[in-house]
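>
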Amino acid sequence: MSAVQDKRPVLVAGGGIGGLAAALALVREGYNVKVIEQSAQIGEIGAGIQLSPNAFAACDALGVGANLRAKAVYTEEMVMFDAIDAKRVASISLGDGFRERFGNPYAVIHRADIHGALFEGVQATTEGIEFLTSTKIVHVEQDDNGVTLTDAKGGQHEGQAVIGCDGVRSAVRQQYVGDSIRVSGHVVFRAVIDTTEFPEALRFTAPCIWVGPNCHLVHYPLKGGDKFNLAVTFHSDHAEEWGSMDGDPAEVQRYFRATCEQVQQILRIPKAWKRWSTADRDPIEQWTFGRATLLGDAAHPMVQYLAQGACTACEDAVTLARALRHEGGDWPRALALYEKSRVARTARVVLSAREMGRIYHAKGVERLVRNDMWKGREQERFYDALDWLYGWTAEKCLALD
Numbered sequence: 567m568s569a570v571q572d573k574r575p576v577l578v579a580g581g582g583i584g585g586l587a588a589a590l591a592l593v594r595e596g597y598n599v600k601v602i603e604q605s606a607q608i609g610e611i612g613a614g615i616q617l618s619p620n621a622f623a624a625c626d627a628l629g630v631g632a633n634l635r636a637k638a639v640y641t642e643e644m645v646m647f648d649a650i651d652a653k654r655v656a657s658i659s660l661g662d663g664f665r666e667r668f669g670n671p672y673a674v675i676h677r678a679d680i681h682g683a684l685f686e687g688v689q690a691t692t693e694g695i696e697f698l699t700s701t702k703i704v705h706v707e708q709d710d711n712g713v714t715l716t717d718a719k720g721g722q723h724e725g726q727a728v729i730g731c732d733g734v735r736s737a738v739r740q741q742y743v744g745d746s747i748r749v750s751g752h753v754v755f756r757a758v759i760d761t762t763e764f765p766e767a768l769r770f771t772a773p774c775i776w777v778g779p780n781c782h783l784v785h786y787p788l789k790g791g792d793k794f795n796l797a798v799t800f801h802s803d804h805a806e807e808w809g810s811m812d813g814d815p816a817e818v819q820r821y822f823r824a825t826c827e828q829v830q831q832i833l834r835i836p837k838a839w840k841r842w843s844t845a846d847r848d849p850i851e852q853w854t855f856g857r858a859t860l861l862g863d864a865a866h867p868m869v870q871y872l873a874q875g876a877c878t879a880c881e882d883a884v885t886l887a888r889a890l891r892h893e894g895g896d897w898p899r900a901l902a903l904y905e906k907s908r909v910a911r912t913a914r915v916v917l918s919a920r921e922m923g924r925i926y927h928a929k930g931v932e933r934l935v936r937n938d939m940w941k942g943r944e945q946e947r948f949y950d951a952l953d954w955l956y957g958w959t960a961e962k963c964l965a966l967d
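FYI, our numbering numbers position 67 of the sequence shown as 633, with every residue one higher than the one before it.
#1: Run the CB neighbour count on Glu-946, radius 10 Å, all protein chains shown included, and call it buried at 16 or more, exposed below.
#2: Does DSSP put Phe-800 in a helix, a strand or coil?
#3: Which class does Gly-614 belong to by DSSP, given the choice of helix, strand or coil?
#4: Closest to Leu-796 by C-alpha separation, out of Pro-773, Glu-807, Asp-679, would be which residue?
#5: Per DSSP, what kind of secondary structure is Leu-698 in: helix, strand or coil?
#6: If I measure Cβ to Cβ from Met-868 and keep anything under 7 angstroms in the same chain, skipping five residues before and after, which residues do I get?
#7: So for Trp-940, helix, strand or coil by DSSP?
#8: Measure how close the beta-carbons of Phe-697 and Gly-581 come, nearest whole angstrom, since I'm counting them as under 8 angstroms.
#9: Tell me which residues share the same chain as Gly-957 and place their Cβ nearer than 7 angstroms to its Cβ, disregarding the 5 neighbours each side in the sequence.
#10: Please list the terminal residues of the continuous alpha helix (DSSP H) segment that includes Thr-716.
#11: Tell me the rounded alpha-carbon separation between Asp-792 and Phe-770.
#12: Taking only runs that begin and end inside the segment 779-833, name each unbroken beta strand (DSSP E) of 3 or more residues, in chain order.
#13: What residue does the beta strand (DSSP E) around Gln-722 start on, and which one ends it?
#14: Taking the alpha-carbon positions, what's the Asp-651 to Arg-841 distance?
#15: Within the continuous alpha helix (DSSP H) that includes His-681, where are the two ends?
#16: Among His-804, Gly-614, Glu-807, Glu-905, which residue has its Cα nearest to the Cα of Leu-964?
#17: Return the chain-ordered list of same chain residues with a C-beta closer than 6 angstroms to the C-beta of His-785, the five sequence neighbours on each side being excluded.
#18: For Ala-919, does the three-state DSSP call read helix, strand or coil?
#19: Using a Cβ-Cβ cut-off of 6 angstroms (strictly less than) and excluding sequence neighbours within five positions of Phe-855, which residues of its own chain qualify?
#20: Determine the DSSP secondary structure at Glu-905, reduced to helix, strand or coil.
#21: Can you find at least 3 beta carbon pairs, one from the segment 614-631 and one from the segment 712-728, that sit closer than 8 angstroms?
#22: So, with DSSP's three-state summary, where would you put Leu-872?
#23: I'd like the list of long-range same chain contacts for Arg-839, defined as Cβ closer than 6 angstroms, with 5 residues on each side in sequence excluded.
#24: Do you know offhand how far Arg-933's Cα is from Leu-592's?
#25: Report buried or exposed for Gly-778, applying the criterion of at least 16 other Cβ atoms within 10 angstroms of its Cβ.
#26: Going by CA-CA distance only, name the one from Gln-571, Lys-573, Val-578, Arg-574 that's closest to Ala-858.
#27: How would you label Gly-894, buried or exposed, when you count the other beta carbons within 10 angstroms and need 16 or more for buried?
#28: Can the beta-carbon of Leu-788 be found closer than 8 angstroms to that of Val-645?
#29: Please name the residue, chosen from Val-704, Thr-714, Gly-614, that lies closest to Val-738 on a Cα-to-Cα basis.
#30: List the whole-angstrom C-beta distance separating Ala-678 from Cys-880, where the pair is believed to meet the contact cut-off of C-beta under 8 angstroms.
#31: For Asn-937, which of Ala-883, Phe-647, Val-576, Glu-666 has the nearest alpha-carbon?
#32: Anyone know if the C-beta pair for Asn-633 and Ala-683 falls short of 8 angstroms?
#33: Quick check on this structure: which residue in Val-630, Ala-638, Val-601 has the alpha carbon closest to the alpha carbon of Gly-614?
#34: Just how far apart, CA to CA, sit His-681 and Ile-583?
#35: Looking only at its own chain, which residues have a Cβ that is under 7 angstroms from the Cβ of Gly-790, when we skip the five neighbours before and after it?
#36: Who are the near neighbours of Ile-608 in its chain, counting only those whose CB is closer than 7 angstroms to its CB and skipping five residues on each side?
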């Protein structure tokens, strides 16, 4: 019996962006899918995220590109300012030349909107999809023919395979890999404010980053320009535990006291912040085990400095579906091909994100080097440097020898 003829569901552990992308990709290939989410409802928290051309390429392959484009805010450039002296360090044009080079735009969007676009894509499927909420997976059993998941209440769920999309603290990864989360010590404060509150002189239609010693600030418009997303990051001076809580504005002010007046002006606006202590994991060579595999943050959690978490999760989903199609639904072979196609690329993103954090937060003479190294660079040279990341396509996603 082929995997598509097998009516048992593919079990997707987690209903976030990665889980919904995986579910949509699989349903479009003819599989039945059961999404198992530990929260009480399928939804997404957070604020703004950036969508690079590879994300649009993946979402086009998932059939939700048009929906996503209707909700996104398109940006004219990416700009880096020095947070100490307010000088422009570098800018990358995102206009016609960028779109011609990479085949897609660069945009910003609320996290709930990309989740919503994927969810609407799933809901448009009249059959083959089931959601189970308030259910936490704690154990996986498998044999040559299928898998059985056990949840925290003792319930069991049988299927053809399991896709672990259960985030940084993935239970599927813990069982098969058992490695540790790497708490970065970098803390992110996020807020969304009305555009009318944002300084008029700084209302750029662009993701703008103000880079400072051990800290930076990012802002860009959301919701058709009615809102602005703010994200500030700093190196905490005490031991952190991964997670989120409400943030104290006084803590932000303390870590940004050396920055310029423009940054100070922005930081005084939010009356409430959400605080995240960030984490990733060291890249691994194997995340597929028989009929179990990982996807998104469960496979390659990363710090935020390249804005690629959601983008690479959507790439994963497309690649998984293409691998199943290529291998005729043979799960072990398909999952091995999926893993082979994704490990090196996602490891490069994880490690590059860490390095970009160092560049953003440079101080002393390293700050001077950073500010000098992009001076006078032509746009095509920026595009060349980004080609490995933004040039991903669904058509060439499989690592075929």
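Don't be surprised by glycine CBs; every beta carbon is placed ideally from N, CA and C.
Let me lay it out:
#1: exposed
#2: strand
#3: strand
#4: Pro-773
#5: Leu-698 falls in the strand class under three-state DSSP.
#6: Answer for Met-868: Asp-846, Gln-874, Gly-875, Val-915, Val-916, Ala-919, listed in chain order.
#7: Of the three classes helix, strand and coil, the one that applies to Trp-940 here is coil, per DSSP.
#8: 7 angstroms
#9: Phe-668
#10: Counting along the chain, Thr-716 falls outside any alpha helix (DSSP H), though it belongs to the beta strand (DSSP E) covering 713-717.
#11: 13 angstroms
#12: You should have 781-788, 793-801, 809-813.
#13: 722-725
#14: 27 angstroms
#15: 677-689
#16: Nearest option by C-alpha distance: Glu-905.
#17: Cys-774, Phe-794, Leu-796
#18: helix
#19: Tyr-742
#20: The three-state reading of DSSP puts Glu-905 in helix, counting H, G and I together.
#21: no
#22: helix
#23: First, the residue type needs correcting, since residue 839 is Trp and not Arg in the sequence shown. Closer than 6 angstroms at the Cβ level, and outside the excluded window around Trp-839, lie Phe-755, Ala-757, Gly-813.
#24: 46 angstroms
#25: buried
#26: Val-578
#27: exposed
#28: no
#29: It is Val-704.
#30: Not quite, the Cβ-Cβ distance comes to about 16 angstroms (not below 8 angstroms), so this is no contact.
#31: Phe-647
#32: yes
#33: Among Val-630, Ala-638, Val-601, the Cα nearest to that of Gly-614 belongs to Ala-638.
#34: Distance from the CA atom of His-681 to the CA atom of Ile-583, rounded to whole angstroms, is 5 angstroms.
#35: Val-639
#36: Gly-581, Phe-685, Phe-697, Thr-699
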